[in-house]
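Notes for the one structure printed next.
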Amino acid sequence: MAFRINTGPLALRALGNTFTVSNSLGTSMQRLGSGLKVSNAADDPAAFVGVSRMRDSAQSLDTSIRITQENTNYMKTAEGALDE
Numbered sequence: 012m013a014f015r016i017n018t019g020p021l022a023l024r025a026l027g028n029t030f031t032v033s034n035s036l037g038t039s040m041q042r043l044g045s046g047l048k049v050s051n052a053a054d055d056p057a058a059f060v061g062v063s064r065m066r067d068s069a070q071s072l073d074t075s076i077r078i079t080q081e082n083t084n085y086m087k088t089a090e091g092a093l094d095e
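For what it's worth, the numbering used here labels the leading residue of the sequence shown as 12, then goes sequentially.
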């Protein structure tokens with residue numbers, strides 16, 4: 012049995028389309044896996060900047076909350092020591 016490999020223009024176009032679909036599938040799987048609409052700057056540069064700023068703000072707020080809770084605990088400890 013002989014195999015024949017097609018290298019005509021239609022076969023090359025089909026191969027190119029296969030690579031394009033494969034890349035699109037990879038991008039979609041990355042987005043689904045991360046749960047984010049914008050996972051890197053190539054998706055939407057303007058939105059990525061906004062997302063980065065919001066992520067940084069959220070981290071800053073989390074840090075502020077943690078520090079405030081630690082200070083509250085220190086104050087409670089000091090108050091308990093003064094009561095004794």
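We put the CB at the ideal spot given by N, CA and C, even for glycine.
Values in this document were obtained by computation on a predicted structure and should not be read as measured data.
Open item on the list: Measuring straight from C-alpha to C-alpha, what distance separates residue 87 and residue 79?
Closed with: In the sequence shown, counting from the first residue as 1, residue 87 sits at position 76. In the sequence shown, counting from the first residue as 1, residue 79 sits at position 68. The alpha-carbon atoms of residue 87 and residue 79 are separated by roughly 12 Å.
Task: Cα-Cα separation, residue 64 to residue 70 - done: What you label residue 64 is simply residue 53 of the sequence shown in a count that begins at 1. What you label residue 70 is simply residue 59 of the sequence shown in a count that begins at 1. Looking at the two C-alpha atoms, the distance is approximately 10 Å.
- [ ] Express the C-alpha separation of residue 91 and residue 76 in angstroms, rounding to a whole number.
- [x] Here the question's residue 76 lines up with position 65 in the sequence shown. Here the question's residue 91 lines up with position 80 in the sequence shown. Approximately 22 Å, taken between the alpha carbons.
Task: residue 62, enclosing alpha helix (DSSP H) - first and last residue - done: Along the sequence shown, one-based indexing puts residue 62 at 51. Counting along the chain, the alpha helix (DSSP H) containing residue 62 begins and ends at 56-94.
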